[in-house]
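Accompanying notes for the structure given below.
Protein chains: 2
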Amino acid sequence: MNETIKHQLNHRSIREFIEEPFSETTYLELMEVARQTATSSGLQASSIIRISDPELKKKIATICHQEYIGRIPLLLIFIVDQHRNNAIAKAQGIISDGAAGMDSFFQSFTDACLMAQNVVNAAESMDLGTLYIGSIHNEPTELCALLNLPPLTFPVVGVGIGKPNQNPALKPRMPMRLRTFENTYKAPDNILESLSDYDELMQSYYDLRDTNRRLDSFTHQVAKRINAHNPTRQELLNVVRDQGFIFRLK
Amino acid sequence: MNETIKHQLNHRSIREFIEEPFSETTYLELMEVARQTATSSGLQASSIIRISDPELKKKIATICHQEYIGRIPLLLIFIVDQHRNNAIAKAQGIISDGAAGMDSFFQSFTDACLMAQNVVNAAESMDLGTLYIGSIHNEPTELCALLNLPPLTFPVVGVGIGKPNQNPALKPRMPMRLRTFENTYKAPDNILESLSDYDELMQSYYDLRDTNRRLDSFTHQVAKRINAHNPTRQELLNVVRDQGFIFRLK
Numbered sequence: 004m005n006e007t008i009k010h011q012l013n014h015r016s017i018r019e020f021i022e023e024p025f026s027e028t029t030y031l032e033l034m035e036v037a038r039q040t041a042t043s044s045g046l047q048a049s050s051i052i053r054i055s056d057p058e059l060k061k062k063i064a065t066i067c068h069q070e071y072i073g074r075i076p077l078l079l080i081f082i083v084d085q086h087r088n089n090a091i092a093k094a095q096g097i098i099s100d101g102a103a104g105m106d107s108f109f110q111s112f113t114d115a116c117l118m119a120q121n122v123v124n125a126a127e128s129m130d131l132g133t134l135y136i137g138s139i140h141n142e143p144t145e146l147c148a149l150l151n152l153p154p155l156t157f158p159v160v161g162v163g164i165g166k167p168n169q170n171p172a173l174k175p176r177m178p179m180r181l182r183t184f185e186n187t188y189k190a191p192d193n194i195l196e197s198l199s200d201y202d203e204l205m206q207s208y209y210d211l212r213d214t215n216r217r218l219d220s221f222t223h224q225v226a227k228r229i230n231a232h233n234p235t236r237q238e239l240l241n242v243v244r245d246q247g248f249i250f251r252l253k
Numbered sequence: 004m005n006e007t008i009k010h011q012l013n014h015r016s017i018r019e020f021i022e023e024p025f026s027e028t029t030y031l032e033l034m035e036v037a038r039q040t041a042t043s044s045g046l047q048a049s050s051i052i053r054i055s056d057p058e059l060k061k062k063i064a065t066i067c068h069q070e071y072i073g074r075i076p077l078l079l080i081f082i083v084d085q086h087r088n089n090a091i092a093k094a095q096g097i098i099s100d101g102a103a104g105m106d107s108f109f110q111s112f113t114d115a116c117l118m119a120q121n122v123v124n125a126a127e128s129m130d131l132g133t134l135y136i137g138s139i140h141n142e143p144t145e146l147c148a149l150l151n152l153p154p155l156t157f158p159v160v161g162v163g164i165g166k167p168n169q170n171p172a173l174k175p176r177m178p179m180r181l182r183t184f185e186n187t188y189k190a191p192d193n194i195l196e197s198l199s200d201y202d203e204l205m206q207s208y209y210d211l212r213d214t215n216r217r218l219d220s221f222t223h224q225v226a227k228r229i230n231a232h233n234p235t236r237q238e239l240l241n242v243v244r245d246q247g248f249i250f251r252l253k
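From first to last, the protein sequence lines stand for chains V and C. Each residue of the first sequence is one higher than the one before, counting from 4 in the working numbering. Each residue of the second sequence is one higher than the one before, counting from 4 in the working numbering.
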């Protein structure tokens, strides 16, 4: 097994970092990796907002309901960016809403995610810790305002990076035979039974942590999450439209 | 610079592979990497369809208008999968459409992309070639039917992997100073001027290829693409709804 894969198999979310300024050399190296990431049709329609202002960081931490986000050494927000390419077309006299269509949106969204994971892999290869931050979608409209995101942009995911100041255990995942299919999707006959071993494993994992908390089985976690989903977040598509994207629904 | 980053900075799309069966050992190693990929709230709501049936591969190549896809040694389609977690909740008596909301959709979409890029990085670390296939969205409804994708699933992106049988030049990308912002989005005053050096570089890159074709500058490519966008693909959101997701538009 090579070093890249060793790091990939050792991925954990790191929430506490050594408090020191992030190395600019490392930052620029990570951005070169971002730059070379695969991009749909070569259009490079995603961008990155680096949050360096401590006050802004704290505001984002509040949106995310996670105070430790205010202390992350390098905080990056990956965004859909069709604004730039739309401006490029307009400056050449093109009158078309092509950049505002949902195909363009999904291409950019994918570009932003690929770039985020590429940066995460680069950071982890340097023994840095990383954290994905999906909770930026708790208040997407507020976040767009805070970052002055213009039309045809949209915040996709946040990533925190720094030297880890904790060493959490590897979280067990369900076996890949439950997540891979050959040629055709096929759900298992008894979904709960197919996950019973994993449910046990998940409970023992939490038992091993240095807390008194024993967490739920995976299937209970899923049930709770689905039952208690956040209604505001489920309305996310309204914000996509507010940002100027055109749905073309039939 | 470490080996991981060396590989990342050397990313190219590979379209021609040595025609031989893909190693099962390597496949399983890639799937372990997929398994350990970061996942929103630990919900693991994405899956992979491996296309091994040669006839199915050709049908997908037809959808993509790229015949070489029919010859890719390992062809994977990464999908949104809220079907599994919805079934897990239902089997426990939970009556909630939480898995069908757009927040759940975007979380799964992100999960699928992160998994794809993690697998691509693993494959490239083993000196394999990779290809992202976004053109599966040319005919998303047909693709869903071909793969028997049930409600609450959606095809995100395809990835081809194999031993490369070509060695294309590294494609130049725009400088990251145009794609990164500090604390606030700020578009350049003159977008075409800001890209003039890159436009020149892009043209010389194509000049160096072993073809007589001299391609357009980047800004011309963008203008053409936006002007000639595919109207069917821009209606992609209809297919998301057809697959059972609920938009909750205001």
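C-beta: ideal position from N, C-alpha, C; glycine also.
Thinking residue i and residue j are a contact (beta carbons under 8 Å), I'd like their distance in whole angstroms, please.
| i | j | result |
| --- | --- | --- |
| I54(C) | I17(C) | Their Cβ separation, rounded to whole angstroms, is 17 Å, which puts I54(C) and I17(C) out of contact at 8 Å. |
| L37(V) | I52(V) | The sequence shown places Ala at residue 37(V), rather than the Leu named in the question. That belief does not hold up - the Cβ atoms of A37(V) and I52(V) are roughly 12 Å apart, past 8 Å. |
| Q169(C) | E19(C) | 5 Å |
| Y135(C) | A41(V) | 5 Å |
| T113(C) | S44(C) | Between S44(C) and T113(C) the Cβ distance is about 11 Å, and since that is not below 8 Å, they are no contact. |
| S138(C) | Q246(C) | Going by Cβ atoms, the distance from S138(C) to Q246(C) rounds to 19 Å, so no, they are not a contact pair. |
| P167(V) | V242(V) | Between V242(V) and P167(V) the Cβ distance is about 33 Å, and since that is not below 8 Å, they are no contact. |
Between residue i and chain V, is any beta-carbon pair separated by less than 8 Å?
| i | result |
| --- | --- |
| L77(C) | no |
| R74(C) | no |
| Q56(C) | One point to set straight first is that residue 56(C) is Asp, not Gln, in the sequence displayed. With 8 Å as the cut-off, D56(C) counts as an interface residue toward chain V. |
| I194(C) | yes |
| L131(C) | no |
| P167(C) | no |
| P153(C) | yes |
| K253(C) | yes |
Please list, in chain order, the chain V residues whose beta carbon lies closer than 9 Å to that of residue i.
| i | result |
| --- | --- |
| G163(C) | Residues of chain V passing the Cβ test: none, with the nearest at roughly 12 Å. |
| Y135(C) | A41, T42, S43, T113, L117 |
How far does the alpha helix (DSSP H) with residue i in it extend, from its first residue to its last?
| i | result |
| --- | --- |
| D219(V) | From DSSP, D219(V) is part of no alpha helix (DSSP H); its letter is neither H nor E. |
| L12(C) | 6-12 |
| S55(C) | Unbroken run through S55(C): none, as it is neither H nor E. |
| Y30(V) | 27-38 |
| E22(C) | Segment: none, E22(C) is in no alpha helix (DSSP H) and carries neither H nor E. |
| T42(C) | That residue, T42(C), is in no alpha helix (DSSP H); it is neither H nor E in DSSP. |
| P143(V) | 143-149 |
| S16(V) | Counting along the chain, S16(V) falls outside any alpha helix (DSSP H), and DSSP gives it neither H nor E. |
| P234(V) | 234-237 |
Check the Cβ of residue i against every Cβ in chain V and list those closer than 8 Å, keeping chain order.
| i | result |
| --- | --- |
| S199(C) | Ordered by position in chain V, no residue passes the 8 Å Cβ test against S199(C), which lies about 12 Å from the chain. |
| V225(C) | L46, N88, I91, A92 |
| S99(C) | I229, N230, H232 |
| K174(C) | G45 |
Is the shortest distance between the beta-carbon of residue i and the beta-carbons of chain C less than 8 Å?
| i | result |
| --- | --- |
| H68(V) | no |
| N170(V) | no |
| I229(V) | yes |
| R38(V) | yes |
| S220(V) | no |
| L146(V) | no |
| S107(V) | yes |
| Q120(V) | yes |
| F250(V) | yes |
| Q110(V) | yes |
| Q206(V) | no |
Let's see if you can read the secondary structure: which residues bound the beta strand (DSSP E) around residue i?
| i | result |
| --- | --- |
| E185(C) | 183-185 |
| P158(V) | 156-165 |
| D84(V) | 77-84 |
| I136(C) | 132-136 |
Since residue i meets chain V, which of its residues come closer than 7 Å, beta carbon to beta carbon?
| i | result |
| --- | --- |
| T156(C) | Y188 |
| S128(C) | N5, T7, I8 |
| V160(C) | T113 |
Given that residue i touches chain C, what residues does it touch there, using C-beta distances under 7 Å?
| i | result |
| --- | --- |
| A64(V) | Going along chain C, no residue has its Cβ under 7 Å from A64(V), so there is no contact; the nearest lies around 14 Å. |
| G104(V) | H232, Q237 |
Please list, in chain order, the chain C residues whose beta carbon lies closer than 8 Å to that of residue i.
| i | result |
| --- | --- |
| R18(V) | Within chain C, no residue comes near R18(V); the closest Cβ sits about 13 Å away, beyond 8 Å. |
| Q246(V) | The contacting residues do not exist; Q246(V) stays about 12 Å from chain C at best. |
List the residues of chain C whose Cβ lies closer than 9 Å to the Cβ of residue i, in chain order.
| i | result |
| --- | --- |
| T183(V) | M34, A37, S50, I51, I52, R53, L79 |
Does the ligand ZN have a heavy atom nearer than 7 Å to the CB of residue i?
| i | result |
| --- | --- |
| G132(C) | Of the ligands one can find in the structure shown there are none, so the ligand ZN has no counterpart to examine. |
Pairs of beta-carbons, one from the stretch 5-25 of chain C and one from the stretch 122-132 of chain V, closer than 8 Å: are there three or more? yes
If we count Cβ pairs, one from each stretch, closer than 8 Å, do we get three or more for the stretch 104-121 of chain V versus the stretch 232-241 of chain C? yes
Would you check if the stretch 158-170 of chain C and the stretch 76-90 of chain C touch, i.e. whether three or more CB-CB distances between them fall below 8 Å? yes
Within the chosen definition, does the stretch 162-176 of chain C reach the stretch 114-128 of chain C through at least 3 CB pairs nearer than 8 Å? yes
Are the stretch 191-208 of chain V and the stretch 220-229 of chain V touching, with three or more C-beta to C-beta distances below 8 Å? Taking 8 Å as the limit for Cβ pairs, the verdict is that the stretch 220-229 of chain V does touch the stretch 191-208 of chain V.
Any contact between the stretch 171-191 of chain V and the stretch 88-95 of chain V? By contact I mean 3 or more CB pairs, one from each, below 8 Å. no
Is the stretch 58-72 of chain V in contact with the stretch 142-155 of chain C, if contact means three or more CB pairs nearer than 8 Å? no
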